[in-house]
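I have placed the structure first, in the form of structure tokens, so that the comments after it can refer back to it.
There are 6 protein chains.
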Amino acid sequence: MAAPPQPRLGRRFVQQLADGDNVEEVYLCTDKQMRANRNGNLYLQLELRDRTGAISARLWNVGEPVIRSFEAGDFLQVKGKVQLFQGALQMILNAVERLPTGKADLADFLPHTEKDVSKLYERLRFFLLRLGNPHLRALAECFLMDQDFVGAFCRAPAGVRQHHAYVGGLLEHVVTLMEGADRLAPLYPEIDRDLLLMGVFLHDIGKVRELTYDRSFGYSDEGQLVGHLVIGVEMLNEQVGRTSDLTGERFPTELLLRLKHLILSHHGTYEFGSPKLPMTPEAIALHHLDNFDAKVHRFTRLIREDGNEGSTWTPYDQSLDRRLFKGGRDGPADENGDGE
Amino acid sequence: MAAPPQPRLGRRFVQQLADGDNVEEVYLCTDKQMRANRNGNLYLQLELRDRTGAISARLWNVGEPVIRSFEAGDFLQVKGKVQLFQGALQMILNAVERLPTGKADLADFLPHTEKDVSKLYERLRFFLLRLGNPHLRALAECFLMDQDFVGAFCRAPAGVRQHHAYVGGLLEHVVTLMEGADRLAPLYPEIDRDLLLMGVFLHDIGKVRELTYDRSFGYSDEGQLVGHLVIGVEMLNEQVGRTSDLTGERFPTELLLRLKHLILSHHGTYEFGSPKLPMTPEAIALHHLDNFDAKVHRFTRLIREDGNEGSTWTPYDQSLDRRLFKGGRDGPADENGDGE
Amino acid sequence: MAAPPQPRLGRRFVQQLADGDNVEEVYLCTDKQMRANRNGNLYLQLELRDRTGAISARLWNVGEPVIRSFEAGDFLQVKGKVQLFQGALQMILNAVERLPTGKADLADFLPHTEKDVSKLYERLRFFLLRLGNPHLRALAECFLMDQDFVGAFCRAPAGVRQHHAYVGGLLEHVVTLMEGADRLAPLYPEIDRDLLLMGVFLHDIGKVRELTYDRSFGYSDEGQLVGHLVIGVEMLNEQVGRTSDLTGERFPTELLLRLKHLILSHHGTYEFGSPKLPMTPEAIALHHLDNFDAKVHRFTRLIREDGNEGSTWTPYDQSLDRRLFKGGRDGPADENGDGE
Amino acid sequence: MAAPPQPRLGRRFVQQLADGDNVEEVYLCTDKQMRANRNGNLYLQLELRDRTGAISARLWNVGEPVIRSFEAGDFLQVKGKVQLFQGALQMILNAVERLPTGKADLADFLPHTEKDVSKLYERLRFFLLRLGNPHLRALAECFLMDQDFVGAFCRAPAGVRQHHAYVGGLLEHVVTLMEGADRLAPLYPEIDRDLLLMGVFLHDIGKVRELTYDRSFGYSDEGQLVGHLVIGVEMLNEQVGRTSDLTGERFPTELLLRLKHLILSHHGTYEFGSPKLPMTPEAIALHHLDNFDAKVHRFTRLIREDGNEGSTWTPYDQSLDRRLFKGGRDGPADENGDGE
Amino acid sequence: MAAPPQPRLGRRFVQQLADGDNVEEVYLCTDKQMRANRNGNLYLQLELRDRTGAISARLWNVGEPVIRSFEAGDFLQVKGKVQLFQGALQMILNAVERLPTGKADLADFLPHTEKDVSKLYERLRFFLLRLGNPHLRALAECFLMDQDFVGAFCRAPAGVRQHHAYVGGLLEHVVTLMEGADRLAPLYPEIDRDLLLMGVFLHDIGKVRELTYDRSFGYSDEGQLVGHLVIGVEMLNEQVGRTSDLTGERFPTELLLRLKHLILSHHGTYEFGSPKLPMTPEAIALHHLDNFDAKVHRFTRLIREDGNEGSTWTPYDQSLDRRLFKGGRDGPADENGDGE
Amino acid sequence: MAAPPQPRLGRRFVQQLADGDNVEEVYLCTDKQMRANRNGNLYLQLELRDRTGAISARLWNVGEPVIRSFEAGDFLQVKGKVQLFQGALQMILNAVERLPTGKADLADFLPHTEKDVSKLYERLRFFLLRLGNPHLRALAECFLMDQDFVGAFCRAPAGVRQHHAYVGGLLEHVVTLMEGADRLAPLYPEIDRDLLLMGVFLHDIGKVRELTYDRSFGYSDEGQLVGHLVIGVEMLNEQVGRTSDLTGERFPTELLLRLKHLILSHHGTYEFGSPKLPMTPEAIALHHLDNFDAKVHRFTRLIREDGNEGSTWTPYDQSLDRRLFKGGRDGPADENGDGE
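Right, dumping it as structure tokens:
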């Protein structure tokens, strides 16, 4: 997140550390290496991390009991001093202690949406519970009644690296898409608005099982072997059977096929992992809308987070295969200005 | 257009002809071949066309003066009788006469947007004249003061075959995009709304010179050799010099580069003929929004115009490389439940 | 199939018709067009078909009741005479009558594997019921106990056009793959043989719902919108829950993921519609084995069925993007020398 | 090779070295750099290697005569002590001496198939000398009588990096393919078994000249400029003329074309360097069988050699563009187990 | 060739036939179909061809002896009358007789270079016999002493359809390339001129065996299964052994590799069938020079031969994936100004 | 440049520095980093560069005023001593002073063509002023009269990295192409020589604005956002209006389209950034000729500049995706020699 971490009382974030600071704080240990100095004495070289960044740390003259007391992946209560070394800050540690599981506040260790999750969720409910099609509305209710699902859906990121890669990112992405779909739908009367909104809701639900987002962001085995498109269809199959309790009717066959198709085709082409090309108006609309939001989010974020004021361009980004134009020091707003 | 041609008094459209009709009407001759029958007598085999379709026509026993009196591409005043031959209608002609240039009402011969062009144009002016950035607003005014440009912009199709392939299609496409950009922009505060709207206006202006749309839709020599992206930049260069008369200032250099970049990159990738990839937030937004409108328009039109009720699918479409799903006889609305 | 249709008593196959024959037989009408002759009299131009080929047919001077009495797609009892017209045979009909649904013997109208389906099915059972892994064996039993599934699995073709495009083709393809997997597995001790064989069984099960194979071969709506890979995973999910009745244990999580992955990745690459690349030894083995069988089947069939003795090459095949080499009249065996 | 190097008496392999060891042994020097320490004294930084791995080595305070006495690529008799430095082992050398050419036992420096080469070769002869086609059998005999060829064929690896990248790898790959072809051929009666087996034998023979495998694996000039496909055809041309001495007949023209085609097309597509697509059943069979063996070998090896027990996945492999799934600690065998 | 066939005494070329002509002439029969008219009488529908074009021909009321007396591919002595039918000319035949093999003058039936073949050949000898490198000069002499090779090299076309598709086309293409290489070489002193010129000579020699050019242009079995790149290397191998008789030395190894590489890499990329990318300066030079000549030849020929004066563009050309611009009626010369 | 820098009196180029040298010289500072040593004292780590290479430099114990006195990108007058450190040379500085803008001789800091720029320019004028077409000749004169353009055209490189990446490279590239076009044109009489030569002159003119070449080579904002193809068309539009002063006539419309098309299509395909494929003979000729020169230049330069005598191959080059063959120690000339 580009925004400064909202400082909570007492927590010293990595981004706040300065040369000479004495620190007593909990960090996530993400790398641990045993080394020997020139005299053959062993020391530990660690990487400590929270959601604002990472810092190297060194613990001199360690013995086996300390070495064995924790692993990379553990949360550590550390005590030490920050110093400048070869142009960068590092921490010289006096003591480390493994924190028992569950004691760390995960919110400190994973980046988080800047938006209010409960408001986003309310907005999601607002759209879903007002769907005109009774079957789709019932289907949405089934999902919303599933507490485990709702909890995961509000926590999952939308991706590991690319766009919305933070806690709450999936929810934020979906709600933005819903706002967009809601605004564009009236311009295209031949688009089935309810179907499109339901597609927006469902298209990435598989990510709650595809991704892991407890200590750091990654992929589950299921995520890599099956993928969120097919997982999404499985989750849809699980909920759709329950709708008849609410509607008193069987969920329409063709409508269910259209929903599955929306999920499976939303990457738009085979090379991006969709096993089916979009073949309905709502499917092609969802694909392009999703792409619009993801790419605009990606572009604005790369520009916002680029700290290098010496260039009008961001560094080369491999996955986009391009650099982005940031423009003049005063930015585009300046060009528009009335006072010029 | 799927809608039936609004019948004007007296005009007999091709689509309205029936076996046995006697016809006196003007058609565009789009093919002309001289043939000999078994006895060696010459006859003319013609294709006659208006905006509703085409019909074969035959003129028996012609001499050289008639043969030389007109060419394919001319409008012909014809007299003849419609008959069924080998399962299709054809016209047996008694007389043909070349119509002097300018006498035919072109609206009868080219498909036309179903929307009201003057209302679309008013909407375009509404958006452009309310742009906050004075340079962009002045640029828009320069374009709108150019009567030749405005006339062509309101007549040009957006394409020859793919989407919005009818008179007024370019204007309709641009105005729909403006409505969309206007609705989505508030969701993305880091997007420069004025820049995006100006990009929407400019992105396809080169089509007024790339395409021909007098008798039928096609490409001009300039269109094929230079293309509407570069023509658009040329047209922008021609107008941008005049803005200082309105603003009293030189048009900002960086702003001009951003506009050119919006035009040149809007196809999104090299393989679709953009010499530059989108490298600003507004450029990537324009590309995806343009794609959204073009593809949704294409999908809904193919489904709407497909007359074959015997299949839930449209025929295979080569350029999309897929068939589209039309669904049940009663359409998607039907799926949504009992009372509807 | 290249083999001559085994003539049943009384049935006159299209391939057996000759100039001058009088015919009374049932054919599938696959095209029906009303036309008018020079005098304006209506006649019907039909295409009649059985599994050996197609023939044009004409019914002169028809009135509306006859015209309305049947549609393309119906089976017709016809009476007529065969004659040579413009270098090809056609049938001049005296009478046609629509056959009630269910009266036609479908085996006459769809091509069929030349192998014995019941023997193929026994071989399938042989392999599946001897699997060493109790969970996989139980899963196989669940499928085999499902009569509807078994019936469809033994009837479905493996494809509409490409390879094994005939009734029983799916079963034949799967059993050949099982034989191959069974023979190759001992050469690769690190391959889990049971897992590979189960993957062979499951990889195309979705085709029983993806394809239609009642009157002619085609795709179901579900087949086009969802596809046999995802349908296969759905069918696996439906059966896997029942295995605990047989084993007394829950089906192992990782084993289930591996099975889903085998199904989803067996096309090998994204561009062929797999949403996941093969990431286990069994998945890559299945992909290449499947490809081996499909391509060798395709090549040998194209060569065998090519009737043109005037060329050592088959015609250009678009989907393979090549012609195939048939070689000398006597085939490869002949090259090997006189003494054989 | 994952298997531990079979320790020979006296040889200290790199993999066996431990902190504090005194070493007198021969290693291949694969990198040599002269450096100066803070006091300006020169020292040599070397990389020493045998078939089990590599280790850094340092020789302090060297003068010009020593520096000039050897080059990277030489075998060195070294004397030194192993120590831990910055988390890794390195060797501090007291003495180095260049070993005269031919004195080193190459088997210690290049990885080697774990299989028995003489048994593999016997199996190759078994298959080739039992071919039914007398011309193909005679051709095989000509190759087998060529001692230089046989020697090289038994030593060459099948590749530099990808699959079977060890001494004897080519032979192992070919014999495994022969076993496979022999087992699959009966399932496809239209495949010419003799032709397929001969294709298996010939398809990679060019590798004996394309690759270098004396000190390390690499490409010869001829290998890079011409490639093993065309070299293979050249080698075939050299031997085929001699078959008439054995058969008393000219080698059949078409059969020779089919053999050349098998060699040239076995990579299957242009982008993998085949100048011709497979156009015979045997050619397409060879291509897919070759691919099956190479890929399964690659997958199982990557999984077997991955030492990281902390992940269920191998690291990302660039040429495969994926990670591979290793699964649970107890491996797939566990899932099958009866004892569960 | 667009130029009118130089009329020889007595020969009536297809292009010269007019309505009403009585004809006695030899044509190549390229298609033969037996048909029946409305009364069931058999007639033959033929296609007759010489190097200027093709015409339909009909022989009424034929009996079996005539039908069996010839096949498509034979030269026929025909007698008949030309008439206009359905807008095209056709020939009504009275008599046809198969011409014995070897009696037809092939020059009448295949298009031919407009240039003087013996002058082209002299120019080829001029360049080759003046090569400075004695080994390359000796190699050239070996080829030139091979009468069969020279005969074929002077007759072969350079392709079946694309560029230089006429008798003598290969020679014309090679000589033009030699002139070009001879002119460009002095601008690039680091290019080995002799090597480049020898590469020009050798790059397409394989076409003399890849193509067939006796009655019509096509591919030989060897051409399709092996291809002219590898055939060229084989032909080089056959001649290179003889050079030592002329030079008294062994042909240099590296020089031979460079020649093979020039042949194999001249298509420039894998997708165009080169098994190796160009990796020497001469190889990349040859590739681009070859491409220059082939493409310029193709473009100018398509424009020259396009007869349609109604358009400034040629029709769409599938293999080029574009139309070509012909420009104004008076052509490019006209643009250059009045006084010229 | 491979050639040694021609040493000017007094200038010590980076390539000339040796261990122990005392230096007083101006260098371009291309990197500047502040670091702290173990004692917390600050020092500056710099990269100093001229056109012969780069060297690391260190300034110990610096205070804020010095740190703030210059930036990366400035020219510095430095005083220091060269020493060997960890195998490489570095400079220990005693004093640095920022040179005022304009005081440095840029020729010392950017690589330069080895050819004589004024002679190249004369050759360019020679060709352009002898064009036969008066409009093209007038257009050339307009460009040559524009002093700013001529100055930039003679200084610009032809690229940042690939070919002709040195001051004067663009001019050298264009003049070589003109020589080539002048020599090849007579071989292709259907090519309009004047048009081709003018295309050669114009094709890369946009590079004078696309690239920056004052201190180092890079891309301007305009270069990245618009690109040299479209900039070239803009520059052409600016000059073409002035030709009528010289000719007394309007520049012909079609001729102008042809020129624009030559510029826009000269990259040959979409993926290389041409928005149009070549559609005229001159355009396809220009594309291939440009490619010939660029690639041959690239290949010969990579081989010439490769200093590694231990290999017959250059290192792998990523953008070419290959290594190049250098061949035997004595080079290709040796193979040809009679004196062997």
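Protein chains in written order, with our numbering: chain A, 1 to 340; chain R, 341 to 680; chain B, 681 to 1020; chain S, 1021 to 1360; chain X, 1361 to 1700; chain H, 1701 to 2040.
Each residue gets a CB set at the ideal place from its N, CA and C atoms; glycine is no exception.
Residue-chain proximity (residue i, chain A), Cβ-Cβ < 8 Å
i	result
residue 761 of chain B	no
residue 1925 of chain H	yes
Residue i versus residue j: straight-line alpha-carbon distance, rounded
i	j	result
residue 1097 of chain S	residue 1116 of chain S	6 Å
residue 748 of chain B	residue 651 of chain R	19 Å
residue 1688 of chain X	residue 500 of chain R	24 Å
residue 735 of chain B	residue 694 of chain B	7 Å
residue 754 of chain B	residue 731 of chain B	15 Å
residue 653 of chain R	residue 236 of chain A	25 Å
residue 818 of chain B	residue 888 of chain B	21 Å
Closer than 8 Å to chain H by CB, residue i
i	result
residue 1241 of chain S	yes
With 16 other Cβ atoms within 10 Å as the buried cut-off, status of residue i
i	result
residue 2026 of chain H	buried
residue 996 of chain B	exposed
residue 780 of chain B	exposed
residue 180 of chain A	buried
Spatial neighbours of residue i in its chain, beta-carbon cut-off 7 Å, leaving aside the 5 residues before and after
i	result
residue 1640 of chain X	1618, 1621
residue 157 of chain A	164, 165, 166, 167, 169, 170, 211, 213, 217
Contact with chain S by residue i, beta-carbon distance below 8 Å
i	result
residue 714 of chain B	no
residue 1969 of chain H	no
Rounded distance between the beta-carbons of residue j and residue i, thought under 8 Å
i	j	result
residue 1973 of chain H	residue 1929 of chain H	7 Å
Beta carbon proximity, residue i to chain X, threshold 8 Å
i	result
residue 1827 of chain H	no
residue 980 of chain B	no
residue 1015 of chain S	For chain S, the structure presents residues 1021 to 1360; residue 1015 of chain S sits outside this window and is missing.
Interface flag, residue i vs chain B, CB-CB below 8 Å
i	result
residue 160 of chain A	no
Contact set between residue i and chain E, taken where Cβ atoms lie within less than 7 Å
i	result
residue 1887 of chain H	Of the protein chains in the structure, A, R, B, S, X and H, none is chain E.
Contacts around residue i, its chain only, beta-carbon distance under 8 Å, and the 5 residues preceding and following it disregarded
i	result
residue 746 of chain B	724, 739, 776
Below-8 Å beta-carbon distance, residue i vs any chain R residue
i	result
residue 1672 of chain X	yes
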